[in-house]
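In mature numbering (1 follows the signal peptide of the UniProt record, and there is no 0), the protein residues as written are 323 to 596.
C-beta atoms are modelled at their ideal positions from N, C-alpha and C, and glycine is treated no differently.
Written out below as structure tokens is the structure these notes cover.
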Ligand code: C2E
Ligand code: CA
Ligand code: CA
Ligand code: CA
């Protein structure tokens, strides 16, 4: 029995080591994945809750790994943040997003997720400005989505956000309600949009409290002239609930899953811009 237990430990540590090795290998692959064209951007519509017209799209990243297939950003973004590859990847995403948005009707927005390391990059603001110019996209059509973590990890987040705002770019507070101090950040910074996390939105059906909180967030957002986006709308029932709570914008599988750049054109035509 003793030696059996020992074997198990050996096996477990071998598995652990191979997990570490896999992470290391993936991190090595990440560094060259942009150059190899392995990243794809997909776009998920954000619609007006009142009339279901397209308001814009959020850009979401996918990695088509040569051996492992399509990987989820929840899995590889943390690896890219750990080894710094996210800075180059983030530039690629911004560039791709703006090149696609340039083809949409002018008021439609394009949202891009920004991680902490990018916001800390000294060249970030200059790069945003140059990309907007290169693709001739009006700054107000770009929305940068940041989370509470991004704010926590950046001592000078405020001055960077002020510079971006001076460019005319919109700022969204992402994953609202999942952190610890979300309310505090609303007082410290100015946001154009507040995105209520899907984990929160999805409980609205069963829990009256969640509905009351979402209503309160919408009231608060009105006071600071921000627009609320409810994430993770999967059913008609939820759509009605977030509408009643006062959310102007919604995003979720009910409207559409993330789609290719090509498909966005069709979605736009079908949703009132044709
Ligand atoms: P997020 O920014 O909160 O993005 C929303 C996520 O919810 C997306 O997952 C989207 O596909 C998913 N989603 C949308 N509607 C629904 C729905 O109705 N139900 C459910 N269950 N899910 C829905 P995705 O694409 O897997 O992205 C996961 C996370 O990875 C994102 O969360 C974001 O934090 C990060 N991410 C994605 N792309 C990028 C990027 O280019 N840069 C950075 N830094 N992070 C990214
Ligand atoms: Ca987001
Ligand atoms: Ca989110
Ligand atoms: Ca998220």
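- Three or more beta-carbon pairs drawn from the stretch 504 to 524 and the stretch 461 to 473 are found closer than 8 Å, and the two stretches are therefore classed as touching.
- Here the alpha carbons of residue 582 and residue 590 stand approximately 13 Å from one another.
- Comparing C-alpha distances from residue 448 to each of 427, 483, 423 and 435 shows the shortest one belongs to 483.
- Taking a cut-off of 8 Å on C-beta distances, the stretch 343 to 351 does not touch the stretch 543 to 553, as fewer than three cross pairs fall below it.
- Classified as buried, residue 423 has 16 or more neighbouring CB atoms from the shown chains inside 10 Å of its CB.
- For residue 433, the enclosing beta strand (DSSP E) covers residues 431 to 435.
- Under the DSSP assignment, residue 549 falls in the beta strand (DSSP E) whose first and last residues are 549 to 552.
- Its chain contains 460 and 463 as the residues whose beta carbon lies nearer than 8 Å to that of residue 428, once the 5 sequence neighbours on both sides are disregarded; these appear in chain order.
- For residue 509, the three-state secondary structure derived from DSSP is helix.
- Exclusion of the five residues before and after residue 566 leaves no residue of its chain whose Cβ lies closer than 7 Å to its Cβ.
- Here DSSP, grouped into helix, strand and coil, assigns residue 583 to helix.
- Residue range 530 to 545 is occupied by the alpha helix (DSSP H) that includes residue 533, with no beta strand (DSSP E) assigned at that position.
- In this structure, residue 433 sits near residue 381, with a CB-CB distance shorter than 8 Å.
- Beta-bridge partners of residue 494 (DSSP): 467 and 515.
- Ligand 2 has no heavy atom closer than 7 Å to the beta-carbon of residue 403.
- With a threshold of 7 Å, the Cβ atom of residue 517 counts as near ligand 3, since some heavy atom of the ligand is closer than that.
- With three or more CB-CB distances shorter than 8 Å, the stretch 349 to 367 counts as touching the stretch 377 to 396.
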